[in-house]
Amino acid sequence: MESPQHHKAQSGHFKPVGPLTGRIAVPGDKSISHRALIFSTLAVGKSEINGLLEGEDVLATAAALRAMGAKIEKTGDTWTVHGVGVGGLMQPETALDMGNSGTSTRLLMGLIASHDISATFIGDASLSGRPMGRVIDPLGLMGADIQARMQDDKACLPLTVRGICPAIPLEYRLPVASAQVKSAILLAGLNTPGITRVIEPTPTRDHSETMLKGFGADLSVEVDDNGVRTISLVGEAELKPQSIKVPGDPSSAAFPVVAALLIPESDIVVENIGINPTRAGLFGVLQKMGGDIVFENERRVGGEPVADIHVRHSDLKGIDVPANIAPSMIDEFPILFIAAALATGTTTTSGLHELRVKESDRLSQMAEGLISLGANVTEKEDGLVIQGSDGKPLSGGGNKPAIKTALDHRIAMSFAVAGLTSKAGVTVDDMSPVETSFPGFRDIFLGLSAQ
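Read left to right, the sequence shown gives residues 8 to 458 (my numbering).
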């Protein structure tokens with residue numbers, strides 16, 4: 008079964024630019040946007056969402072929820088969702104096409120698992136190769152029947168989830184730090200009688216817990232002396248409609264932030280960015296490397312901490328990045344690797360097995376691309392060791408072949424930034440995946456650069 012989306016590659020060439028200056032906003036937070044749509048669908052009544060990320064991944068979530076009975080529309084800048092209530096999902100008539108979105112797939116699998124409906128999930132070539140077993144296992148323990156295509160001993164798309172109602176409440180200790188697995192179990196728990204518990208040895212992004220409480224779910228979080236979090240959710244919940252303002256995505260802000268650090272005389276402000284500690288690890292790592300990054304106008308919006316991020320060009324120094332920080336910046340390592348390649352000294356990363364099962368094998372894709380640009384990179388099983396260029400621009404593409412992105416939006420954007428800081432520019436084989444998370448990526452950089 009193929010996704011109906013026909014993919015056409017769109018290459019891009021990125022040349023060195025002068026200083027980046029000015030104030031910008033980036034698209035809304037992807038994690039919060041997905042959850043805003045899902046939780047609003049499970050509330051009874053009308054919710055309003057402003058600042059929703061209108062990338063392809065989030066639109067795939069919206070389309071799937073419409074297929075299961077939610078009424079979702081956009082008027083001006085405001086999205087309205089007329090929810091069906093917990094337990095009120097309808098049987099979708101056709102397969103749910105998730106495009107490239109692993110988050111949509113894993114969260115919606117959890118949602119369907121405790122409803123008396125079934126759904127088949129399909130996606131593009133990249134998503135169809137990503138492992139789903141870590142979500143299938145706990146949902147199976149709750150009683151859902153999930154049949155998946157096997158590829159290299161991994162359960163992959165297409166897959167079909169047959170939900171069960173009532174499902175069985177579960178106490179589950181996460182074997183791997185994963186906010187998506189945690190969220191899938193909590194979503195299944197919403198329509199499950201009794202208490203569903205997720206035990207999280209390593210903290211991951213906590214938007215699901217924060218937002219579920221905001222929607223009125225009976226949810227509590229206990230943290231023991233070792234930092235292990237136990238999230239308890241009382242099932243058969245009744246969620247109340249909300250008005251949500253989505254902050255700017257820190258994962259998207261990472262690209263202009265790193266570009267400004269690397270390009271001499273740059274001085275920018277990225278406005279209204281979520282700085283939830285479970286997401287903002289990159290900014291702290293860049294500060295430790297010597298980056299001039301200041302949080303201004305710190306405030307809370309809908310329970311989430313938000314700030315304007317002021318960034319000036321800096322001479323970066325290589326560091327050993329602690330493995331335990333990985334969950335708070337797992338999506339930002341590709342752009343960190345670009346910063347490390349231009350720093351002085353060696354940057355070492357470890358504990359990054361998760362990067363091998365993202366939209367692509369991000370460790371091998373980044374190592375291959377950086378080496379082709381003249382960087383000194385050693386690839387390990389769980390990370391990269393990068394010997395920086397002492398601030399000298401990388402050689403860039405010149406006549407070299409285009410960087411391969413393997414349909415991965417973060418690889419594409421990272422090497423676009425590398426091109427802005429190179430000698431001869433960098434050609435990226437396909438920029439079209441960027442629409443999944445950062446519509447308007449090029450325009451934002453054009454606005455910051457006088458060229």
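Even glycine gets a Cβ: it sits at the ideal position worked out from N, Cα and C.
Worksheet item: Secondary structure at Q294, three-state DSSP: helix, strand or coil?
Response: Stepping through the sequence shown from its first residue, residue 294 is reached at position 287. In the three-state scheme derived from DSSP, where H, G and I count as helix and E and B as strand, Q294 is classed as helix.
Discussion item. So, with DSSP's three-state summary, where would you put V265?
Written reply: The residue given as residue 265 occupies position 258 in the sequence shown. V265 falls in the helix class under three-state DSSP.
Practice prompt. Output the distance between the C-alpha atoms of L27 and L359, rounded to the nearest integer angstrom.
Written response: As a position in the sequence shown, residue 27 is number 20, starting the count at 1. As a position in the sequence shown, residue 359 is number 352, starting the count at 1. Cα to Cα, the separation comes out at about 31 Å.
Worksheet item: Counting Cβ pairs closer than 8 Å, one from the segment 273–287 and one from the segment 234–246, do we hit at least three?
Response: With the cut-off at 8 Å, the segment 273–287 and the segment 234–246 do not touch.
Worksheet item: Which residue or residues does DSSP assign as beta-bridge partners of Q158?
Response: For this step, residue 158 is matched to residue 151 along the sequence shown. In DSSP, Q158 forms a bridge with K161.
Worksheet item: Can you name the residues that DSSP bridges to R30?
Response: Sequence index remark: in the sequence shown, residue 30 carries index 23 (1-based). Looking at the DSSP output, R30 bridges to V276.
Worksheet item: Is the segment 207–222 touching the segment 174–189 in the sense that three or more CB pairs, one from each, lie closer than 8 Å?
Response: Segment contact: the segment 174–189 against the segment 207–222, three or more CB-CB distances shorter than 8 Å; contact assigned.
Practice prompt. Could you please give me the residues that DSSP links to R307 through a beta bridge?
Written response: In the sequence shown, counting from the first residue as 1, residue 307 sits at position 300. DSSP output for R307 lists P312 as bridge partner(s).
Worksheet entry | Whole-angstrom distance between V384 and I378, CA atom to CA atom | Translated into positions along the sequence shown, residue 378 becomes position 371. Translated into positions along the sequence shown, residue 384 becomes position 377. Rounded to the nearest angstrom, the gap between the Cα atoms of I378 and V384 is 6 Å.
Discussion item. In whole angstroms, give me the CA-to-CA distance for I202 and F222.
Written reply: Here residue 202 is taken as the residue at index 195 of the sequence shown, counted from 1. Here residue 222 is taken as the residue at index 215 of the sequence shown, counted from 1. Taking the straight line joining both Cα atoms gives about 18 Å.
Worksheet entry | Neighbourhood of A102 by C-beta, 8 Å cutoff - its chain only, sequence neighbours within 5 removed | Counted from its first residue, the sequence shown places residue 102 at position 95. Answer for A102: M8, A126, T127, F128, I129, P165, listed in chain order.
Fill in: C-alpha gap between S402 and F448, whole angstroms
Here the question's residue 402 lines up with position 395 in the sequence shown. Here the question's residue 448 lines up with position 441 in the sequence shown. One C-alpha to the other measures close to 24 Å.
Practice prompt. With distances taken Cα to Cα, identify the nearest neighbour of G395 among P182, P208, W86, L323.
Written response: The residue labelled residue 395 in the question sits at position 388 within the sequence shown. The option with the nearest alpha carbon to G395 is L323.
Item to complete: Kindly identify the DSSP beta-bridge partner or partners of V392.
Response: Position 385 of the sequence shown, counted from the start, is the residue given in the question as residue 392. For V392, the beta-bridge partners assigned by DSSP are T355, T385.
Worksheet item: Which one of K411, A431, F452, G432 has the shortest CA to CA distance from Q17?
Response: Along the sequence shown, read from residue 1 onward, the residue named residue 17 stands at position 10. Nearest to Q17 by alpha-carbon distance, out of K411, A431, F452, G432, is K411.
Worksheet item: Based on Cα-Cα distance, which residue from E80, G76, T85 lies nearest to G94?
Response: Looking up residue 94 in the sequence shown gives position 87. The residue with the shortest Cα to Cα distance from G94 is G76.
Item to complete: Taking 8 Å as the cut-off, decide whether the C-beta atoms of L96 and I56 are in contact.
Response: Translated into the one-based positions of the sequence shown, residue 96 becomes position 89. Translated into the one-based positions of the sequence shown, residue 56 becomes position 49. By the CB criterion at 8 Å, L96 and I56 fall outside the cutoff.
Worksheet item: I think A382 touches A348, with their Cβ atoms under 8 Å apart; what is that distance to the nearest whole Å?
Response: Numbered from 1 along the sequence shown, position 375 holds the residue referred to as residue 382. Numbered from 1 along the sequence shown, position 341 holds the residue referred to as residue 348. Right, the Cβ-Cβ distance comes to about 4 Å (below 8 Å), so this counts as a contact.
Fill in: Where A151 falls: helix, strand or coil (DSSP)
Start at 1 with the first residue of the sequence shown, and residue 151 comes out as number 144. In this structure, A151 counts as coil in the three-state DSSP scheme.
Practice prompt. From the DSSP output, read off the bridge partner residues of S239.
Written response: Walking along the sequence shown from the start, residue 239 turns up at place 232. As DSSP reads the structure, S239 sits in a beta bridge with R204, S227.
Worksheet entry | Span of the beta strand (DSSP E), counted from its first residue to its last, around F222 | Here residue 222 refers to the residue found at position 215 when the sequence shown is read from its first residue. Looking at the DSSP string, F222 is not in any beta strand (DSSP E), and its letter there is neither H nor E.
Practice prompt. Using the DSSP secondary-structure output, state which residues sit across from I175 in a beta bridge.
Written response: On the sequence shown, residue 175 is found 168 positions in, with the first residue counted as 1. I175 is not bridged by DSSP to any residue.
Item to complete: Alpha carbon to alpha carbon, how far is R42 from V308? Give it in angstroms, no decimals.
Response: The residue labelled residue 308 in the question sits at position 301 within the sequence shown. The residue labelled residue 42 in the question sits at position 35 within the sequence shown. Between V308 and R42, the C-alpha separation is close to 16 Å.
Fill in: Spatial neighbours of P138 in its chain, beta-carbon cut-off 6 Å, leaving aside the 5 residues before and after
The sequence position of residue 138 within the sequence shown is 131, counting from 1. Only K161, V364 meet the Cβ criterion.
Item to complete: Look at the Cβ atom of A287, then the Cβ atom of G325, and state whether they are nearer than 8 Å.
Response: Taking the sequence shown and counting its residues from 1, the one referred to as residue 287 is at position 280. Taking the sequence shown and counting its residues from 1, the one referred to as residue 325 is at position 318. The answer is no: Cβ separation not under 8 Å.
Worksheet item: Among P408, A70, L414, which one has its Cα closest to the Cα of T434?
Response: As a position in the sequence shown, residue 434 is number 427, starting the count at 1. Considering only alpha carbons, the answer is P408.
Worksheet entry | Which residues DSSP lists as bridging K247, in chain order | Sequence index remark: in the sequence shown, residue 247 carries index 240 (1-based). Bridge partners of K247: none, in fact.
Item to complete: Excluding the 5 residues preceding and the 5 following L114 in the sequence, name in chain order all residues of the same chain whose CB lies nearer than 8 Å to its CB.
Response: As a first step, residue 114 is located in the sequence shown; it is residue number 107 there, counting from the start. Residues of the same chain with a CB within less than 8 Å of the CB of L114, apart from the 5 flanking positions on each side, are H41, R42, I45, T68, Q187, S190, A191, L194 in chain order.
Worksheet entry | Bridge partners - F128, DSSP secondary structure assignment | Position 121 of the sequence shown, counted from the start, is the residue given in the question as residue 128. F128 is bridged to L103, L166.
Practice prompt. List the residues that DSSP assigns as beta-bridge partners of S54.
Written response: Numbered from its first residue, the sequence shown carries residue 54 at position 47. Bridge partners of S54: V88.
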